[in-house]
Amino acid sequence: MPLMSLKEVLADADRRHYGVGAFNVLNIEMLNAIIRAAEEEQAPVILAFAEGHQKYIAMETIAPLMLKAAREATVPVVVHYDHGRQFENIIKIMHYGFTSVMFDGSTLPYEENVRRTQEVVRIARILGVSVEAELGHVGGAEGVPGGEDDPQACYTDVNQAADFVARTGVDALAVAIGTAHGVYRTRPKLDLERLAAIKNRVGIPLVLHGGSGLRDDDFRQAIARGINKINIFTDISLAATRRIIAMLGDKDIPGSAGVVPYQGSDLLEGDFIQNASLTGYQDLMLAVTAAVKEEVKGKIRLFGSNGKVAGPAPPHARQPGRWPSL
Ligand SMILES: [Zn+2]
Numbered sequence: 070m071p072l073m074s075l076k077e078v079l080a081d082a083d084r085r086h087y088g089v090g091a092f093n094v095l096n097i098e099m100l101n102a103i104i105r106a107a108e109e110e111q112a113p114v115i116l117a118f119a120e121g122h123q124k125y126i127a128m129e130t131i132a133p134l135m136l137k138a139a140r141e142a143t144v145p146v147v148v149h150y151d152h153g154r155q156f157e158n159i160i161k162i163m164h165y166g167f168t169s170v171m172f173d174g175s176t177l178p179y180e181e182n183v184r185r186t187q188e189v190v191r192i193a194r195i196l197g198v199s200v201e202a203e204l205g206h207v208g209g210a211e212g213v214p215g216g217e218d219d220p221q222a223c224y225t226d227v228n229q230a231a232d233f234v235a236r237t238g239v240d241a242l243a244v245a246i247g248t249a250h251g252v253y254r255t256r257p258k259l260d261l262e263r264l265a266a267i268k269n270r271v272g273i274p275l276v277l278h279g280g281s282g283l284r285d286d287d288f289r290q291a292i293a294r295g296i297n298k299i300n301i302f303t304d305i306s307l308a309a310t311r312r313i314i315a316m317l318g319d320k321d322i323p324g325s326a327g328v329v330p331y332q333g334s335d336l337l338e339g340d341f342i343q344n345a346s347l348t349g350y351q352d353l354m355l356a357v358t359a360a361v362k363e364e365v366k367g368k369i370r371l372f373g374s375n376g377k378v379a380g381p382a383p384p385h386a387r388q389p390g391r392w393p394s395l
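Take 70 as the starting number for the sequence shown in the numbering used here and just add one per residue.
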């Protein structure tokens, strides 16, 4: 299936009132899991790579893999650059073929955010790439606890959002309405009235960052008020960690003397774990893929994007055996 731009995918989500998950990719296991989950749920999906994740894998390494997987998928896939702050990186990733970029000027003074976003939009338009920007600031960093205490966090102003969208022409706007990146220490409270007011004024699809850890009902309420893209990283990261802990907890692994094993059993999930015979890292890779896939499928159903792929699968549908079966 051809790659889709964010604008195309979110236009349908906006029209039919559902959310599309944007899941961060750090390696091939996560990439595999997200694509498989979307195909099984017949859902459009957004593969995201965050600028801040370059310490885990180089953009030059993961970008071609994401694009290849997206092109071979049987569902619409957007390949998105998340939290781009460096102009050079944003231009480079457009050149690689990403169909969507986020320019994050949320910590800049307002006029500077407008000016730099305009610059990115001008170039992206020429290339047919969609642009997401952020106004107000969602605190914290992906996967890191305590984002709700970030002193730089501030709510999106309704009038400023209307001015920003009119002047920049962005395709989607990330809003700050009480969420934070990473793991919550205290339960967040969403400002849903503010969200509805912003949507009413700007009209374009809105984006929720810091979604991991919210209650299911928070997502439903946010989607009902104009959120069409939801960024998820922490929840899939933790799903992978839980599965690894569960697998390793009762195994006597050579060389593991002195490493305290996990004692709990509440995280053991079904036959997959009970029947697994642990032989090495490759088993953890499969376990992580399965755990992330299940987490992503759950989010897809929660956001209502399951079954939203119109028409039959294209003739060049995925070959059996391209990915390990899970
Ligand atoms: Zn974010």
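For glycine and all other residues, C-beta sits at the position ideal for the given N, C-alpha and C.
Worksheet item: Which residues does DSSP pair with D151 in a beta bridge?
Response: A119
Fill in: Outcome for K124 when other beta-carbon atoms lying within 10 angstroms are tallied against a minimum of 16
exposed
Item to complete: Go ahead and label Y350 buried or exposed: buried means 16 or more other beta carbons lie within 10 angstroms of its beta carbon, across all protein chains shown.
Response: exposed
Worksheet item: Under the criterion of a Cβ to heavy atom distance below 6 Å, does H164 qualify as lining ligand 1?
Response: no
Worksheet item: Hey, would you say G279 sits closer than 7 Å to A230, going by beta carbons?
Response: no
Item to complete: Assign K377 to one of three DSSP states: helix, strand, or coil.
Response: coil
Worksheet item: K76: buried (16+ other C-beta within 10 angstroms of its C-beta) or exposed?
Response: Buried is the call here.
Discussion item. Ignoring anything shorter than 4 residues, give me the alpha helix (DSSP H) runs that lie fully in the region 166–232, in order along the chain.
Written reply: 179–196
Item to complete: Sort out for me which residues DSSP pairs N101 with in a bridge.
Response: Partner(s): none; N101 has no beta bridge.
Worksheet item: Which ranges would you report for the beta strand (DSSP E) in the region 255–319 if only whole runs of at least 3 residues count?
Response: 275–277 and 296–301
Discussion item. Quick check on S74: does DSSP put it in helix, strand or coil?
Written reply: In the structure shown, S74 sits in coil (DSSP, three-state: anything other than H, G, I, E or B).
Fill in: C-alpha distance - P145 paired with L116, whole-angstrom precision
11 Å
Worksheet entry | Length of the line joining the Cα atoms of D232 and A360 | Their backbone Cα atoms lie some 42 Å apart in a straight line.
Worksheet item: Residue range of the alpha helix (DSSP H) that G367 falls in?
Response: Y350 to F372
Worksheet entry | Simplified DSSP state of N93, which is helix, strand or coil | strand
Discussion item. According to DSSP, is V234 part of a helix, a strand, or is it coil?
Written reply: DSSP places V234 within a helical segment (H, G or I) once states are collapsed to three.
Worksheet entry | Limits of the alpha helix (DSSP H) - the one that A138 falls within | M128 to E141
Worksheet item: Hey, would you say the C-beta of H278 is under 6 Å away from at least one heavy atom of ligand 1?
Response: Proximity of the beta carbon of H278 to ligand 1 is indicated: a heavy atom of the ligand is located closer than 6 Å.
Item to complete: Measuring alpha carbon to alpha carbon, tell me which of I104, E141 and H206 ends up nearest V94.
Response: Taking only the C-alpha atoms, the option nearest V94 is I104.
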